[in-house]
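*Asks:* Sharing a structure, written as structure tokens. Questions coming.
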Amino acid sequence: MFKMKVTRQLVILLSLSIVVAIVFAFRLTQHFSRLSVERTRLTHNLQETFALNLRLHQGIEREIHLLNHQLGQLDPRFNEAINETNFQLGEMIMQYVKLDLGEEERLTVERIRNLHSELAVCSSQIYAQLHRGERAEAIARIQQVEALGDNIAKEFGTLDALQVQKLQAMSDQMDRTARGGVVSLYVFAALFFLMLVGFTLVLRHRILHPLKQVLDAADHIRKGDLTARAPRARDDEIGQLALGFNFMAESLAENYAELERKVEERTRQLNDLQAQFVQSEKMSAMGQLVGGVAHELNNPLTVILGFAELEKMRLTSRGADPSTIKVMEDIYSQADRCRRIVANLLQVARRQEPQRVPTRINKVVEEVLQLRDYELQSRNIQLVREFDPTDPILHADPQKIQQVVFNILNNAIDAIQDKSQEGKIWVRTRALGGTISLEFLDNGTGIREPRRIFDPFYTTKEVGKGTGLGLSVCYSIVKEHGGAIRAENWEQGARFLLTLPVGSAPEVQKVETPALPYPAKGGKDKGTVLIVDDEEALLKLQASFLTSAGFKTHGVKTGEEAVQVLENQQVDLIVSDVRMPGKIDGVQLYTWVCQHRPELRKRFAFVSGDVVAITTGELSSLSEVPQILKPFQLGNYSRVIHQLLEA
1 MFKMKVTRQL VILLSLSIVV AIVFAFRLTQ HFSRLSVERT RLTHNLQETF
51 ALNLRLHQGI EREIHLLNHQ LGQLDPRFNE AINETNFQLG EMIMQYVKLD
101 LGEEERLTVE RIRNLHSELA VCSSQIYAQL HRGERAEAIA RIQQVEALGD
151 NIAKEFGTLD ALQVQKLQAM SDQMDRTARG GVVSLYVFAA LFFLMLVGFT
201 LVLRHRILHP LKQVLDAADH IRKGDLTARA PRARDDEIGQ LALGFNFMAE
251 SLAENYAELE RKVEERTRQL NDLQAQFVQS EKMSAMGQLV GGVAHELNNP
301 LTVILGFAEL EKMRLTSRGA DPSTIKVMED IYSQADRCRR IVANLLQVAR
351 RQEPQRVPTR INKVVEEVLQ LRDYELQSRN IQLVREFDPT DPILHADPQK
401 IQQVVFNILN NAIDAIQDKS QEGKIWVRTR ALGGTISLEF LDNGTGIREP
451 RRIFDPFYTT KEVGKGTGLG LSVCYSIVKE HGGAIRAENW EQGARFLLTL
501 PVGSAPEVQK VETPALPYPA KGGKDKGTVL IVDDEEALLK LQASFLTSAG
551 FKTHGVKTGE EAVQVLENQQ VDLIVSDVRM PGKIDGVQLY TWVCQHRPEL
601 RKRFAFVSGD VVAITTGELS SLSEVPQILK PFQLGNYSRV IHQLLEA
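Following our numbering, the numbering of the sequence shown begins with 1 at its first residue and continues without gaps.
Below, the structure written as structure tokens:
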């Protein structure tokens, strides 16, 4: 029963109730109908029997009356009348056969028929005696006939009593049937009540109570208790409903937990992004600070480099002591090292629009490695360069490629430091057909989950040491360049392999400029150069170098002084700083030259340490004007001068 479906149980109970009610009603109706038919039949039979008894009794009495009438006057038609009466009475007696009579009733009718036959014989004999004149014998026979009439009347009384008894029995049976019907109704009512009680109990126990448990569990879930579950003790429809509800509750709990996890993850990501933005602002401010500091360092570095190179040239030309020349070379070398550090700092710190140009991969990588050389040495990390000697060409954005190199290099340094041992980093470049591979290997801790290493915000570093964006940015940059990047572990640590498409050599030739000859020492009358710079040392350096190269020089510190010289004297070249005190800076001076001395427009050069102004600022629109970036080497300086003279 408990394994049967609830709907089937209800259908069975309802069906049983309906069938019992129908059968009971049918049987009761059938029984009362049968009794009614029987009563109708018996009543009709009794009516016919009583009527037949009455007619038969009246016929016999008439026959006796006719016989008594013969005592007074003999009727010659008596025999005919008696025979006709006997025939009619015989027909009446035969009608009893058609009636539904009992055994005793039939015996009584048979006795009446025999008595009547005897009465008919006596009547014929009496008539014959009267006809012969034997009156005394006839009168004696009449007494016998009267006795037969009395016996016939008794038999009719018996027959009537049997009919009445039969009617009484039928009435008693009807009473018993009525009482039985009432009892049956009570029994049926009790049985139907019990079935209703059973139906109610089943409905309550099998449907209403389990549904209430499901509703209670739903109410708990509505109030926030996601652990609430509906009990499931059966496999019927209610059990399936509880199972479905529990499944939805579990799904809701899992989804809620997943939602909370995602909210926490998004909150953490937002916090990371906020920290990243703060860090970005710090880095931006730091970049501006580095740019400003580097710009301020450019002038003294330019002076140190220039005078060291000039002194080295002077000592060499005089045949001075080699040790003294070596000192100047050391000074120049260290100053040039500072120049490269400043240049690398500016290269990393500056912001500019992405611009893909033909780029030497070895040069791009080396600029970043030089920036980290000292730090790596101080941390006992050996840097192994294995560059392709052909120095393959990329068509890429150098700044973004340097950002990729910088991020991967930092990742390798952190992995080596986590291992707390002497480290080693291999950097390899190699041309492979139509692609260039850039490979980084280290002997650090390796990669915990290589498949997730490029996912945004994924990091295995401690809180505050990483945002999980560095390698995802690398992935985006490499994909943007049409390349691929792969991270994996090798025997000693982590390995990153980048493949980028090769650039074409003709594109490089468009951007490369062949070196111009270095100015010959001691040449004279090569022209007059106007030098404009607010730094006294830089002014002297340029004047000394150009004088030694055979030029006449005019040195001024402001744009106003330069305008006065140009208005009063003839010059062949103008070399001007960009940022200068006063109302006229380098750009305004160039504008004045274009308006008032247009013949000097193509013999004008800027000298500046403001990288931003040269690459993306106000000087970027003056691309036709040669630009010398501080701190410069005298060789590059002389190339620009000769380029202006040839123009």
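From the three backbone atoms N, C-alpha and C, an ideal C-beta is built for every residue, glycine too.
#1: Using 10 angstroms around the beta-carbon of residue 474, count the other beta-carbons present and answer buried if the total reaches 16, otherwise exposed.
#2: On the CB-based measure, 16 or more other CB atoms within 10 Å of its CB, does residue 608 come out buried or exposed?
#3: With C-beta atoms as the reference, is residue 303 less than 8 angstroms away from residue 644?
#4: Taking only three categories from DSSP, how would you classify residue 488?
#5: State buried or exposed for residue 471, treating a residue as buried only when at least 16 other CB atoms are found within 10 Å of its CB.
#6: Please classify residue 585 as buried or exposed, where buried requires at least 16 neighbouring CB atoms within 10 angstroms.
#7: Less than 8 angstroms separating the beta-carbons of residue 394 and residue 435?
#8: Do residue 381 and residue 423 count as a contact pair if the criterion is CB distance below 8 angstroms?
#9: Hey, quick one: how far does the beta strand (DSSP E) through residue 382 stretch, first residue to last?
#10: Quick one: what's residue 555 bridged to in DSSP?
#11: For residue 427, count the other beta carbons within 10 Å of its own beta carbon; 16 or more makes it buried, fewer makes it exposed. Which is it?
#12: Mapping the DSSP letters down to three states, classify residue 576 as helix, strand or coil.
#13: My guess is that residue 184 and residue 28 are in contact by the Cβ rule of under 8 angstroms, so how many angstroms apart are they, rounded?
#14: Would the segment 595 to 607 count as touching the segment 552 to 559 if we require 3 or more Cβ pairs under 8 angstroms?
#15: Counting along the chain, where does the beta strand (DSSP E) carrying residue 189 start and finish?
#16: Considering only the beta carbon of each residue, do residue 222 and residue 249 sit closer than 8 angstroms?
#17: Does DSSP put residue 481 in a helix, in a strand, or in coil?
#18: Just to confirm before moving on: does the CB-CB distance between residue 571 and residue 532 stay below 8 angstroms?
#19: So who's on the other strand from residue 425, going by DSSP bridges?
#20: Quick check: residue 339 and residue 631, are their CB atoms within less than 8 angstroms of each other?
#21: Please report the residue range of the beta strand (DSSP E) in which residue 608 lies.
#22: For the alpha helix (DSSP H) containing residue 132, list its first residue and its last residue.
#23: From the DSSP output, in three-state form, read off residue 393 for me.
#24: Check whether the segment 157 to 170 and the segment 122 to 136 touch, using three or more Cβ-Cβ pairs below 8 angstroms as the test.
#25: Rounded to whole angstroms, what is the Cα-Cα separation between residue 210 and residue 196?
#26: Confirm, please, whether the CB-CB distance from residue 493 to residue 543 is below 8 angstroms.
#27: Do residue 433 and residue 634 have their C-beta atoms within less than 8 angstroms of each other?
#28: Over what stretch of residues does the alpha helix (DSSP H) that includes residue 406 continue unbroken?
#29: I believe residue 482 touches residue 501 by the beta-carbon criterion, under 8 angstroms. Please report the beta-carbon distance rounded to the nearest angstrom.
#30: Would you decide whether residue 392 is buried or exposed? Buried here means 16 or more other CB atoms lie within 10 Å of its CB.
#31: Can you tell me which of 569, 603, 568, 599 puts its alpha carbon nearest to the alpha carbon of residue 576?
#32: Assuming residue 115 and residue 152 are in contact, meaning their beta carbons sit under 8 angstroms apart, how far apart are those beta carbons, in whole angstroms?
#33: Does DSSP put residue 632 in a helix, in a strand, or in coil?
#34: Where do the N-terminal and C-terminal ends of the beta strand (DSSP E) with residue 497 fall, by residue?
#35: What does the alpha-carbon distance come out to for the pair residue 578 and residue 622?
#36: Whole-angstrom Cβ separation of residue 600 and residue 559, contact assumed at under 8 angstroms?
*Replies:* The short version:
#1: By 1-based counting over the sequence shown, the position of residue 474 is 474. Result: buried.
#2: In the sequence shown, counting from the first residue as 1, residue 608 sits at position 608. Looking at its Cβ environment, which holds 16 or more other Cβ atoms inside 10 Å, residue 608 is buried.
#3: Within the sequence shown, the letter at position 303 stands for residue 303. Within the sequence shown, the letter at position 644 stands for residue 644. No; because the gap between Cβ atoms is not below 8 angstroms, this pair is not in contact.
#4: By one-based count along the sequence shown, residue 488 stands at place 488. Of the three classes helix, strand and coil, the one that applies to residue 488 here is strand, per DSSP.
#5: Mapped onto the sequence shown, residue 471 falls at position 471. Label assigned to residue 471: buried.
#6: Walking along the sequence shown from the start, residue 585 turns up at place 585. The residue is buried, with at least 16 neighbouring Cβ atoms inside 10 Å.
#7: In the sequence shown, the residue the question calls residue 394 occupies position 394. In the sequence shown, the residue the question calls residue 435 occupies position 435. Not closer than 8 angstroms, so no.
#8: Your numbering for residue 423 matches position 423 in the sequence shown. Your numbering for residue 381 matches position 381 in the sequence shown. Contact: yes.
#9: The residue labelled residue 382 in the question sits at position 382 within the sequence shown. That run of the beta strand (DSSP E) goes 381 to 386.
#10: Position 555 of the sequence shown, counting from 1, holds the residue named residue 555. Per DSSP, 531.
#11: Your numbering for residue 427 matches position 427 in the sequence shown. So residue 427 ends up on the buried side.
#12: Here residue 576 refers to the residue found at position 576 of the sequence shown. It is a strand residue.
#13: Here residue 184 is taken as the residue at index 184 of the sequence shown, counted from 1. Here residue 28 is taken as the residue at index 28 of the sequence shown, counted from 1. That belief holds up - the Cβ atoms of residue 184 and residue 28 are roughly 6 angstroms apart, short of 8 angstroms.
#14: no
#15: Within the sequence shown, residue 189 is the residue found at index 189, counting from 1. Premise fails: residue 189 lies in the alpha helix (DSSP H), 135 to 203, not in any beta strand (DSSP E).
#16: Along the sequence shown, read from residue 1 onward, the residue named residue 222 stands at position 222. Along the sequence shown, read from residue 1 onward, the residue named residue 249 stands at position 249. No. Outside cutoff.
#17: Within the sequence shown, the letter at position 481 stands for residue 481. Residue state, collapsed to three classes: coil.
#18: For this step, residue 571 is matched to residue 571 along the sequence shown. For this step, residue 532 is matched to residue 532 along the sequence shown. Cβ atoms of residue 571 and residue 532: not closer than 8 angstroms.
#19: The residue given as residue 425 occupies position 425 in the sequence shown. For residue 425, which the question treats as bridged, DSSP gives the partners 383, 442.
#20: As a position in the sequence shown, residue 339 is number 339, starting the count at 1. As a position in the sequence shown, residue 631 is number 631, starting the count at 1. Taking 8 angstroms as the Cβ cut-off, residue 339 and residue 631 qualify as a contacting pair.
#21: As a working mapping, residue 608 is identified with position 608 in the sequence shown. Per DSSP, residue 608 is one residue of the beta strand (DSSP E) stretching across 604 to 608.
#22: The residue labelled residue 132 in the question sits at position 132 within the sequence shown. Per DSSP, residue 132 belongs to the alpha helix (DSSP H) from 103 to 132.
#23: Counted from its first residue, the sequence shown places residue 393 at position 393. The answer is strand: DSSP assigns residue 393 an E or B state.
#24: Fewer than three beta-carbon pairs drawn from the segment 157 to 170 and the segment 122 to 136 are found closer than 8 angstroms, and the two stretches are therefore not classed as touching.
#25: Reading the sequence shown from its first residue, position 210 is the one you call residue 210. Reading the sequence shown from its first residue, position 196 is the one you call residue 196. Taking the straight line joining both Cα atoms gives about 20 angstroms.
#26: Position 543 of the sequence shown holds residue 543. Position 493 of the sequence shown holds residue 493. Cβ atoms of residue 543 and residue 493: not closer than 8 angstroms.
#27: Taking the first residue of the sequence shown as position 1, residue 433 is located at position 433. Taking the first residue of the sequence shown as position 1, residue 634 is located at position 634. Taking 8 angstroms as the Cβ cut-off, residue 433 and residue 634 do not qualify as a contacting pair.
#28: Position 406 of the sequence shown, counted from the first residue, corresponds to residue 406. 398 to 419 is the extent of the alpha helix (DSSP H) around residue 406.
#29: Residue 482 sits at position 482 when you count from the first residue of the sequence shown. Residue 501 sits at position 501 when you count from the first residue of the sequence shown. The beta-carbon distance between residue 482 and residue 501, rounded to whole angstroms, is 5 angstroms. This is short enough to meet the 8 angstroms contact definition.
#30: Sequence index remark: in the sequence shown, residue 392 carries index 392 (1-based). Buried, because 16 or more other Cβ atoms sit within 10 Å of the Cβ of residue 392.
#31: Along the sequence shown, one-based indexing puts residue 576 at 576. Closest option to residue 576, Cα to Cα, is 603.
#32: Reading the sequence shown from its first residue, position 115 is the one you call residue 115. Reading the sequence shown from its first residue, position 152 is the one you call residue 152. At roughly 5 angstroms, the Cβ-Cβ gap stays under 8 angstroms, so residue 115 and residue 152 are in contact.
#33: Residue mapping note: residue 632 aligns to position 632 of the sequence shown, counting from 1. Reduced to three states, the DSSP call for residue 632 is coil.
#34: One-based indexing of the sequence shown puts residue 497 at position 497. Where residue 497 is concerned, the enclosing beta strand (DSSP E) stretches over 494 to 501.
#35: Translated into the one-based positions of the sequence shown, residue 578 becomes position 578. Translated into the one-based positions of the sequence shown, residue 622 becomes position 622. Approximately 12 angstroms, taken between the alpha carbons.
#36: Stepping through the sequence shown from its first residue, residue 600 is reached at position 600. Stepping through the sequence shown from its first residue, residue 559 is reached at position 559. At roughly 14 angstroms, the Cβ-Cβ gap does not stay under 8 angstroms, so residue 600 and residue 559 are not in contact.
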